[in-house]
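Residue numbers (my numbering): 63 to 270.
Data first, discussion second: the structure below is written as structure tokens.
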């Protein structure tokens, strides 16, 4: 019996969908789960990223089973931005974003992503990826301009590195795609290690 080669992404994040597409993989289905992402008391950022990714994957597996779906590979991820042990929020208000940017200004921070894969047989595997990022010292004008852009909305740490905030980055050590929202190398390796062999969908074109 052949192993089903169907991939369900347990996230509605456009960034994660785009990153998978960038790697030549088109998810067969998106199954977003709504979970409480509040950190537990004294929870370390690493532990939070892993716990949330695991919970998202398990909730998706349960939901798909209730719907009578055939077993598939389920991929879930969660990204956490932290300064030391302080976990920054996913900014939903201007005040959230402003507080994050002021804290990150001129400092180093860490971005953690937990990536969880549940196989068709029900086996669960986890990977944690860490990237270190340092921001330049931000002027009030730069913070105000970024807030006006709206690119902070819903982003962990109040910024999106793939947008205007890219000019704030002085140094990055580790996976760039991890900071965007899904560490591609580690994710693809995790899937491949569990037997997922997608038909890569690369678009071809002629250089101009």
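Every residue gets a Cβ at the ideal spot worked out from N, C-alpha and C, and that includes glycine.
Note that the structure is a prediction, hence the values are computed from the model and not measured.
Query - Bridge partner(s) assigned by DSSP for residue 241 - result: Paired residues: none, contrary to the question.
**Report entry** Continuous beta strand (DSSP E) stretch holding residue 176: start and end
**Finding:** 170-180
Report task. Round the Cβ separation of residue 138 and residue 115 to the nearest angstrom and send it over; I've been treating them as touching at under 8 Å. Result -> 5 Å
Query raised in the report: From residue 39 to residue 214, what does the alpha carbon distance come to, in whole angstroms?
Result: Only positions 63 to 270 of the chain appear in this structure, which leaves residue 39 out of reach.
Query raised in the report: Do residue 142 and residue 111 have their C-beta atoms within less than 8 Å of each other?
Result: yes
Query raised in the report: Cα separation between residue 212 and residue 188?
Result: Their backbone Cα atoms lie some 33 Å apart in a straight line.
**Report entry** Contact under 8 Å by Cβ, residue 108 with residue 190
**Finding:** yes
Query raised in the report: Just to confirm, are residue 169 and residue 197 a CB contact at a threshold of 8 Å?
Result: yes
Query raised in the report: What distance in whole Å lies between the Cβ atoms of residue 258 and residue 135, which are believed to be in contact at a cut-off of 8 Å?
Result: 5 Å
Query raised in the report: Going by beta carbon distance, what residues of the same chain come within less than 6 Å of residue 234, once the five residues before and after it are set aside?
Result: 195
Query raised in the report: What residues match up with residue 278 in a beta bridge as DSSP calls it?
Result: This structure leaves residue 278 out entirely; the chain is present only between 63 and 270.
Report task. Let me know if residue 217 comes out buried or exposed under the rule of 16 or more other beta-carbons within 10 Å of its beta-carbon. Result -> buried
**Report entry** Extent of the continuous beta strand (DSSP E) to which residue 196 belongs
**Finding:** 186-197
**Report entry** Same chain only: Cβ atoms within 7 Å of residue 122, ignoring 5 sequence neighbours per side
**Finding:** 70, 72, 93, 95, 136, 138
Report task. Verify whether the separation of the beta carbon atoms of residue 162 and residue 228 is less than 8 Å. Result -> For the 8 Å CB-CB criterion, residue 162 and residue 228 do not form a contact.
Requested in this report: Could you pull out every residue in the same chain whose Cβ sits closer than 6 Å to the Cβ of residue 117, ignoring the five residues on either side in sequence?
Outcome: 97
Query raised in the report: Considering only C-alpha positions, which residue in the set 74, 206, 159, 87 is nearest to residue 254?
Result: 87
Query raised in the report: Run through DSSP, which three-state label would residue 227 get?
Result: Helix.
Requested in this report: Starting from the Cα of residue 77, find the closest Cα among 124, 222, 90 and give me that residue.
Outcome: 222
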